[in-house]
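Here the working numbering is used: the first residue of the sequence shown is 270, the next is one more, and so on.
Cβ atoms here follow ideal geometry from the backbone N, Cα and C, with glycine treated the same way.
These numbers were taken from a predicted model, which means no experiment stands behind them.
Contents: one structure, followed by commentary.
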Amino acid sequence: MTAQLPKTSVAETLAEKIVALKADNLPAATRRKCEDLLIDVVGLCITARNEDYIASALAGWDDDGPCTAIGHARRLSASGAAFVNGTAAHGEDFDDTFEGGPVHAGAVIVPAVLAACERHNPDGRRALIGIAVGTEVLCRLSLVVPKAVHKAGFHPTAIFGAMGAAAGVGAALGLTARQIVDALGIAGSMAGGIIEYLAEGAWTKRLHAGWAAQSGLRAALLARQGFVGPRTVFEGVHGLFHGFAHTTNGDYGALSDDLGARWVTDTLAFKPYPCGTMAQPYIDCARRLAARGVRPEDISEIVCEVAEGTVHRLWEPLADKQRPRNGYAAKFAVPYLLATGFVHGGVGLGAFTETAIRDAQVLALAAKVKFVIDPDNPYPNNYTGHIRATMMDGSVIEERQPYLRGGAQEPLTRQDVTDKFALNAQHGGWTRTQSDATLKLLAGLYQGKMDLSSLRE
């Protein structure tokens with residue numbers, strides 16, 4: 270078996286390219302996206318800070334230390350801060366998305382790198398290169414065998430997140446190429462995350478980002494101290510893709526061929542609604558249908574054309590998606606989300622309370638929503654929406670959304686990102702003064718010594 274191993278592994282090729290990257294050489298667009306990621310993730314941590322799942326996450330993590338759990342007075346170890354902040358950033362499903370994946374990079378990479386730098390090297394320039402590298406690696410990993418990890422029953426953000434965090438922390442802490450290879454190899458044994466949360470709206474998806482963040486951090490620290498991981502962690506016969514995608518055949522060139530020359534990070538999408546990404550274009554369609562003056566009682570049936578790869582997460586069992594069991598399950602139920610957008614003119618953080626998910630008018634409309642599979646749907650390369658509404662009088666009205674708002678086709682502006690931050694901070698109970706001070710802090714964080722103490726409440 271040894272004779273069959275490659276002379277240079279995928280991880281070794283990747284690591285050599287990572288160590289050559291410098292913060293000062295990042296393209297302006299990539300640096301700007303990393304600035305937006307920082308603002309977005311911190312705002313998401315604040316908005317979730319009073320939620321019950323964060324109270325549980327904090328109480329369940331018993332190692333205190335010098336690092337910041339954003340929005341909390343209690344300080345944690347670096348891994349604890351990475352876990353709690355990652356869980357908070359992903360918890361409301363309002364975080365960024367890489368459309369080619371789909372994966373959520375910011376909620377994993379930003380908490381991991383901030384915690385690593387705060388504990389070991391509080392240099393904002395190192396945080397910048399770590400966030401850029403970690404985000405890029407996480408996103409590119411999702412392109413090696415598209416859709417296969419989800420199809421196998423795993424959450425790609427959880428699986429690839431551990432690897433991306435290891436790469437990002439490795440870059441931030443200045444690990445050698447050999448150490449980054451070991452970190453990736455170690456992280457491969459820490460990756461995990463099943464999607465059974467879909468069955469009843471359990472909380473486990475929320476911790477996937479946090480667990481990946483702390484796993485990658487731990488892997489990088491172990492590697493820095495000489496712990497050895499398998500260099501064939503990606504392509505090996507028992508490697509990451511064999512385990513989580515059920516194949517070792519993939520486009521490994523998508524991971525490293527032009528790393529540093531082209532940044533897929535630049536295309537990251539920021540969500541306009543706090544719910545499953547692929548549902549968002551359908552919400553836009555529903556809002557436009559309502560803007561035509563159509564009333565819920567005018568509608569006999571709504572049929573949506575959907576991608577086959579989204580059905581098991583967002584459409585089935587249909588009865589549960591029309592009437593979700595709880596607020597978290599509602600975030601992944603397109604019929605409910607579509608109906609909420611139609612009835613209330615949008616979907617905000619308040620759409621997932623126990624009262625909101627029992628709104629009789631919303632549920633009555635959601636019961637009319639069905640789907641058909643469109644074999645030509647471009648998912649996951651592009652997220653589209655379509656609804657065909659049949660009226661009580663037999664007439665038909667269609668609406669289409671050709672792309673995800675907030676993504677590459679219609680990106681959010683910096684003002685949009687800061688406005689979203691302000692709303693999230695307000696929802697989390699912060700004053701305008703606190704929000705303004707935090708935005709000022711974040712604007713300069715990549716430029717000098719890091720100090721996150723003002724983010725503790």
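Pick helix, strand or coil for residue i, following the three-state DSSP scheme.
i	result
Leu-283	helix
Met-432	helix
Thr-337	strand
Phe-539	coil
Val-414	coil
Arg-725	coil
Thr-687	helix
Arg-344	strand
Ala-712	helix
Glu-609	It should be pointed out that residue 609 corresponds to Thr in this sequence rather than to Glu. Thr-609: helix per DSSP, three-state reduction.
Lys-639	strand
Ala-358	helix
Val-372	strand
Gly-508	coil
Gly-312	helix
Thr-271	With a pLDDT of only 49 at Thr-271, under 50, the local geometry of the prediction cannot be trusted, and the value read off the model is given with reservation. In the structure shown, Thr-271 sits in a helix (DSSP, three-state: H, G or I).
Asn-390	coil
Gly-675	strand
Val-665	strand
Pro-680	strand
Lys-291	coil
Lys-420	helix
Thr-700	coil
Ile-755	Since the first residue of the chain shown is 270 and the last is 726, residue 755 is not available in this structure.
Phe-496	coil
Thr-517	coil
Thr-659	strand
Lys-718	strand
Glu-503	Contrary to the premise, residue 503 reads as Phe rather than Glu in this sequence. Three-state result, Phe-503: coil.
Thr-277	coil
Gly-470	coil
Phe-363	coil
Gly-615	coil
Thr-624	coil
Thr-442	Per the sequence shown, the amino acid found at residue 442 is Leu instead of Thr. Looking at Leu-442 - three-state DSSP - the assignment turns out to be coil, as it is neither helix nor strand.
Pro-649	coil
Arg-318	coil
Asp-332	coil
Arg-557	helix
Arg-564	coil
Pro-296	coil
Ala-629	helix
Pro-644	coil
Ile-381	According to the sequence provided, residue 381 is Ala. The question's Ile does not apply to it. Helix.
Ala-350	helix
For the putative contact between residue i and residue j, defined by C-beta atoms under 8 Å, what is the C-beta separation to the nearest angstrom?
i	j	result
Cys-554	Ile-656	5 Å
Lys-709	Pro-391	Going by Cβ atoms, the distance from Lys-709 to Pro-391 rounds to 18 Å, so no, they are not a contact pair.
Gly-619	Asn-319	Not quite, the Cβ-Cβ distance comes to about 14 Å (not below 8 Å), so this is no contact.
Ala-460	Ala-431	4 Å
Thr-682	Ile-308	No, Thr-682 and Ile-308 are not in contact; Cβ-Cβ is about 12 Å, not under 8 Å.
Val-572	Trp-584	Not confirmed; about 12 Å, so no contact.
Thr-516	Val-414	6 Å
Gly-393	Val-438	Contact doesn't hold; Cβ gap of about 15 Å is too wide.
Tyr-597	Gly-498	Actually they do not touch by this definition, with Cβ atoms about 34 Å apart.
Leu-607	Tyr-551	5 Å
In the DSSP assignment, find the alpha helix (DSSP H) that holds residue i and state where it starts and stops.
i	result
Ser-569	Unbroken run through Ser-569 is the beta strand (DSSP E), 568–575; no alpha helix (DSSP H).
Arg-395	393–410
Trp-480	473–493
Tyr-322	321–329
Val-580	580–583
Lys-590	587–591
Asp-451	446–457
Ala-599	596–599
Which partner residues does residue i have in the DSSP bridge list?
i	result
Met-547	In the DSSP output, where bridge partners are listed per residue, Met-547 has none listed.
Gly-654	Gln-670
Arg-531	Leu-528
Nearest by alpha-carbon distance to residue i: which of the options is it?
i	options	result
His-477	Glu-320, Glu-387 and Phe-352	Phe-352
Glu-679	Glu-368, Ala-328 and Leu-692	Glu-368
Ser-278	Ser-525, Ala-598, Asp-332 and Gly-329	Ser-525
Leu-632	Gln-591, Pro-644 and Tyr-466	Gln-591
Val-533	Gly-663, His-389, Ala-280 and Pro-371	Pro-371
Val-406	Arg-500, Leu-528 and Val-310	Leu-528
Leu-453	Ala-629, Ser-569 and Leu-486	Leu-486
His-696	Leu-442, Gly-355, Thr-316 and Val-506	Thr-316
Gly-614	Ala-559, Thr-653 and Thr-404	Ala-559
Ile-464	Ala-492, His-424 and Asp-451	His-424
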